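Asks: Got a structure for you, written out below as structure tokens; questions coming shortly.
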């Protein structure tokens, strides 16, 4: 398919399809490919382009543009609701062709574009005070929506066309050559929902509160078309995806519970973990011990996602922590897990770097760590286990929101 697709009168899809894409942004699998959606709206005063495409798809993109632009017609305005390179990558070449066009975007977006387009251009910064822009028969109203999913994001609402352009929000990595969702079969719709969840989790999962705020913005508008930047244009399935995003973004509060996840080579770190468990029990703190030699890391991570407390135990082998503990640490995120209260403990024989290394990374992730890492040399004695109990009790006190007594 090489031609533009009419979405409604004066509004056209002119994006690019990427059906063979299987990995997006390094970390996302895309079994259904994706699309880079761009939209042209023709007013009587101005012709506007919303979003561009990934730079590698410029030729396909330009072919669609040429097919819809009338002889002598130029693009007067580019509206970039978000500046990730898969939506802004082609802007530089477009500015070479239409150097007098205005570029409408948030201040954060313009800051990004300076380092993406590497060209001077006519900036129109959007602020909360920006008035709607009349392009002749249509007005563009801008709604700043930060962290959906970058700080630069906004939506554009075209009331006369009953259309909202949301960039990544409500999108999906689903390549559909019919472009609009009401042309999808039942089987395609099922695959699309799977793709939408796989898209939501890494992109909007870290920004659940912002996603709910975005839905609240949209609830105030009257529209029957959503032009998102990936996946099909939404017409028949708007309510379905809105409800899915609402469900995915609504999460229960974290449990007042501590996950104690550890590995132990000679059972010395296990002795510490068991003592910590008893201390938490005496302090009235719900907890669960995970020996990651016997239990899958995935099970511990599932519990960590729901629990507010996390204690990690590891011996030191070859000057570092064990892979299972690093697997957990590299799965943690300062945005998603920002409310967790953490601590580190472990036994060592030679040098004892493991607890320091893990604690350093948790500090870099900005977690609350009310107690210093606890490292014990070889097998803990009764006296040392008493210190482990003291350490765990101090952690439990802080976990419950109380002040830890000074030593």
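Residue numbers (our numbering): 7 to 413. Beta carbons are placed, not taken as given, at the ideal position from N, Cα and C, and that holds for glycine. Keep in mind the model is a prediction, meaning the values are calculated, not measured.
Taking the alpha-carbon positions, what's the residue 97 to residue 167 distance?
Replies: Using only the alpha carbons, I get a separation of about 25 Å.
Asks: Quick check: what's the CA-CA separation for residue 387 versus residue 352?
Replies: When rounded, the distance between both Cα atoms is 14 Å.
Asks: CB-CB under 6 Å to residue 18, same chain, minus the five flanking residues each way: which ones, in chain order?
Replies: Cβ neighbours of residue 18 beyond the five flanking positions: 10, 12, 46 and 74.
Asks: Going by alpha carbons, who is nearest to residue 114 out of 86, 105 and 101?
Replies: It is 86.
Asks: Once the 5 residues before and after residue 212 are set aside, which same chain residues still bring their CB inside 7 Å of it?
Replies: Excluding residues within five positions, the ones whose Cβ falls inside 7 Å are 339, 341 and 342.
Asks: Using beta-carbon positions only, say whether residue 283 and residue 295 come within less than 8 Å of one another.
Replies: The answer is yes: Cβ separation under 8 Å.
Asks: Residue 331 to residue 382, Cα distance in whole Å?
Replies: Approximately 17 Å between the Cα atoms of the pair.
Asks: Taking Cβ to Cβ, would you say residue 367 is nearer than 8 Å to residue 335?
Replies: Contact: yes.
Asks: What is the residue span of the alpha helix (DSSP H) that residue 217 lies within?
Replies: Residues 214–225.
Asks: Could you check if residue 397 is buried or exposed, using at least 16 other CB atoms within 10 Å of its CB as the buried criterion?
Replies: It counts as buried.
Asks: Write down every uninterrupted run of the alpha helix (DSSP H) in the stretch 295–343 whose length is 4 residues or greater and which is fully enclosed by it, in chain order.
Replies: Entirely contained in the stretch 295–343, the alpha helix (DSSP H) runs reaching 4 residues are, in chain order, 303–310 and 329–335.
Asks: On the DSSP bridge assignment, give the partners of residue 275 in chain order.
Replies: BP columns for residue 275 are empty, so no partner.
Asks: Could you check how far apart the C-beta atoms of residue 278 and residue 319 are, in whole angstroms? I think they sit under 8 Å.
Replies: Their Cβ separation, rounded to whole angstroms, is 6 Å, which keeps residue 278 and residue 319 in contact under 8 Å.
Asks: Looking only at its own chain, which residues have a Cβ that is under 6 Å from the Cβ of residue 180, when we skip the five neighbours before and after it?
Replies: Result list for residue 180: 38, 198, 201 and 237, in chain order.
Asks: Leaving out five residues on either side along the sequence, give the residues of the same chain with a beta carbon under 6 Å from the beta carbon of residue 205.
Replies: Closer than 6 Å at the Cβ level, and outside the excluded window around residue 205, lie 178 and 179.
Asks: Between which residues of its own chain and residue 176 is the CB-CB distance below 6 Å, once the five residues before and five after are set aside?
Replies: Within the same chain, residue 176 has close Cβ partners 232, 234 and 247.
Asks: If you draw a straight line from the alpha carbon of residue 136 to that of residue 264, how long is it in whole angstroms?
Replies: For residue 136 and residue 264, the distance between alpha carbons rounds to 47 Å.
Asks: Let me know if residue 132 comes out buried or exposed under the rule of 16 or more other beta-carbons within 10 Å of its beta-carbon.
Replies: Classification for residue 132: buried.
Asks: For my contact list, residue 109 and residue 71 are in at a C-beta cut-off of 8 Å; report their separation, rounded to the angstrom.
Replies: Going by Cβ atoms, the distance from residue 109 to residue 71 rounds to 16 Å, so no, they are not a contact pair.
Asks: Between the C-alpha atoms of residue 117 and residue 90, what's the straight-line distance to the nearest angstrom?
Replies: Going from the Cα of residue 117 to the Cα of residue 90 covers about 12 Å.
Asks: So for residue 67, helix, strand or coil by DSSP?
Replies: Helix at residue 67.
Asks: Taking Cβ positions, are residue 153 and residue 216 nearer each other than 8 Å?
Replies: Yes.
Asks: On the three-state DSSP scale, how would you describe residue 103?
Replies: Correct three-state label for residue 103: helix.
Asks: Can you check which of these residues, 134, 151, 361 and 77, is closest to residue 377 by C-alpha distance?
Replies: The shortest Cα separation from residue 377 among 134, 151, 361 and 77 belongs to 361.
Asks: For residue 203 and residue 29, what's the separation of their Cα atoms in angstroms?
Replies: Taking the straight line joining both Cα atoms gives about 15 Å.
Asks: If we call anything under 8 Å between Cβ atoms a contact, is residue 228 one with residue 143?
Replies: Cβ atoms of residue 228 and residue 143: not closer than 8 Å.
Asks: How many angstroms separate the CA atom of residue 327 from the CA atom of residue 356?
Replies: Their Cα atoms are separated by approximately 13 Å.
Asks: Please list the segments of the beta strand (DSSP E) lying wholly inside the stretch 336–405, counting only runs of 3 or more residues, in order along the chain.
Replies: Fully enclosed beta strand (DSSP E) runs of 3 or longer: 347–354 and 380–383.
Asks: Here's the rule: buried if 16 or more other CB atoms are within 10 angstroms of the residue's CB, otherwise exposed. What is residue 405?
Replies: It counts as buried.
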